Amino acid sequence: CDGSLLATGSYDGYARIWTTEGVLASTLGQHKGPIFALKWNKRGNYILSAGVDRTTIIWDASTGQCTQQFSFHDAPALDVDWQTNNSFASCSTDKQIHVQLYNGYTE
Numbered sequence: 108c109d110g111s112l113l114a115t116g117s118y119d120g121y122a123r124i125w126t127t128e129g130v131l132a133s134t135l136g137q138h139k140g141p142i143f144a145l146k147w148n149k150r151g152n153y154i155l156s157a158g159v160d161r162t163t164i165i166w167d168a169s170t171g172q173c174t175q176q177f178s179f180h181d182a183p184a185l186d187v188d189w190q191t192n193n194s195f196a197s198c199s200t201d202k203q204i205h206v207q208l209y210n211g212y213t214e
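So for the sequence shown, the numbering used here puts the first residue at 108; every next one is plus one.
If you want it as structure tokens, here you go:
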């Protein structure tokens, strides 16, 4: 991301992308409950989210579409982070960390 946008997650299950002027650019909706974590990838074209619904979702930041949803955890997903250009990790209150290769990533 070039710093012109920011992403927020909320208790209504929606992530939102905002301009630095405070204008809503996009709404991402898929989680069934609060979103606990959001992370942009290094290129700024994907956003990774973690939620109380136990899922981790990869979003296409330009279209706002869910590109892939993962159900790794048996309890709320608390945090996520990109490891490399095509892998990420998620952790949960189930005391597990999952590392996943994302094959949909394009350079």
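Backbone N, C-alpha and C define an ideal beta-carbon position, used for all residues, glycine too. In this text the structure is predicted, and so the values were computed from the model without any measurement.
Endpoints, the beta strand (DSSP E) within which residue i is located
i: Y118; result: Segment: none, Y118 is in no beta strand (DSSP E) and carries neither H nor E.
i: F177; result: C173 to F177
i: Y209; result: Run containing Y209: none; DSSP gives neither H nor E here.
i: S133; result: L131 to G136
i: A144; result: I142 to W147
Helix, strand or coil at residue i according to DSSP, with G and I counted as helix
i: V187; result: strand
i: S194; result: strand
i: T217; result: The first residue shown for the chain is 108 and the last is 214, placing residue 217 beyond what the model contains.
Minimum C-alpha distance to residue i - residue among the options
i: G110; options: Y118, W125 and W166; result: W125
i: S197; options: L112, I142 and T163; result: T163
i: S199; options: S117, Y153 and A157; result: A157
i: Y121; options: T127, T134 and F143; result: T134
Outcome for residue i when other beta-carbon atoms lying within 10 angstroms are tallied against a minimum of 16
i: R161; result: buried
i: R123; result: buried
Strand pairing of residue i, partner residues [DSSP]
i: D167; result: Y153
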